[in-house]
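Using this note's numbering, you'd call the opening residue of the sequence shown number 3 and step up by one each time.
For every residue, glycine included, the Cβ atom is placed at its ideal position computed from N, Cα and C.
Being a predicted model, the structure only gives us computed values, none of them experimental.
Below is one structure, written out as structure tokens; the observations come after it.
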Amino acid sequence: MVAADDQSIREAGAYGHAVESYVLASNPCDLVEQTSMPISHLARRVNGNGTERTLVFDEGKVIVRGFEGGLLLWVCASNLVFRHALQILLESSLFLATSEKRLEISWYPSIGEPFAVVEKLLFAAPRNDGAR
């Protein structure tokens with residue numbers, strides 16, 4: 003797991019509306035590129051390469067990060083309308099980039115650092131007390 007920089011945390015708080023998700027995929031590095039490139043021309047600034055790409059828009063920010071087994075997705079924006087617009091933009095690009103016939107994306111409210119919620123879901127240690 004890679005910790006987010008302080009600037010991303012401040013921006014999430016400043017934008018006020020952040021969500022995150024994950025998608026399981028067998029080729030995450032290729033998918034980072036294929037998902038972010040079609041929408042990068044709409045961004046004011048694009049940073050990163052390889053396993054992570056950050057797209058900064060006038061009213062929000064998108065981070066796409068590959069991990070072994072899939073992609074982490076993080077979207078934050080100044081208001082709900084822009085957040086939903088960025089989510090739809092990212093989802094559309096992802097659907098075009100993947101050959102999956104049925105791709106489901108569940109979004110979770112982001113708390114603190116980008117990906118903190120989905121990393122807990124994906125990488126939490128299993129419980130040994132028999133509880134589910």
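Look at the alpha carbon of residue i and the alpha carbon of residue j, and state the distance between them as a whole number of angstroms.
i	j	result
Y110	E70	20 angstroms
F117	V21	9 angstroms
L135	F125	The displayed coordinates of the chain run from 3 to 134. Any statement about residue 135 would go beyond what the structure contains.
L75	L82	17 angstroms
P40	A87	15 angstroms
E35	L96	10 angstroms
K103	Q89	19 angstroms
S28	D60	32 angstroms
A6	K122	Only weak support is given to the placement of A6: the predicted model assigns it a pLDDT of 47, under 50, and the question is left unresolved by the model.
S42	V77	14 angstroms
L98	R47	22 angstroms
L105	S112	21 angstroms
On a Cα-Cα basis, can you pick out the residue from the options that is closest to residue i?
i	options	result
A45	N51, Q36, L82, V58	V58
V64	A126, H19, K122, L124	H19
A79	I107, L91, S108	L91
T53	S42, P30, E93	P30
L73	H43, L26, T100, T56	L26
I107	T56, A99, E93, S101	E93
G144	R55, S42, D60	Look at the range of the chain in this structure, 3 to 134, and you will see that residue 144 is not part of it.
V51	V66, H43, L123	Before going further, note that residue 51 is Asn rather than Val in the sequence given. Nearest option by C-alpha distance: V66.
Let's see if you can read the secondary structure: which residues bound the alpha helix (DSSP H) around residue i?
i	result
F125	118–125
Taking Cβ to Cβ, would you say residue i is nearer than 8 angstroms to residue j?
i	j	result
G62	R85	yes
S38	V120	no
At 4 residues or longer, and completely inside the stretch 16–101: list those alpha helix (DSSP H) runs for me, N to C.
The stretch 16–101 contains these whole alpha helix (DSSP H) runs: 30–42, 82–99.
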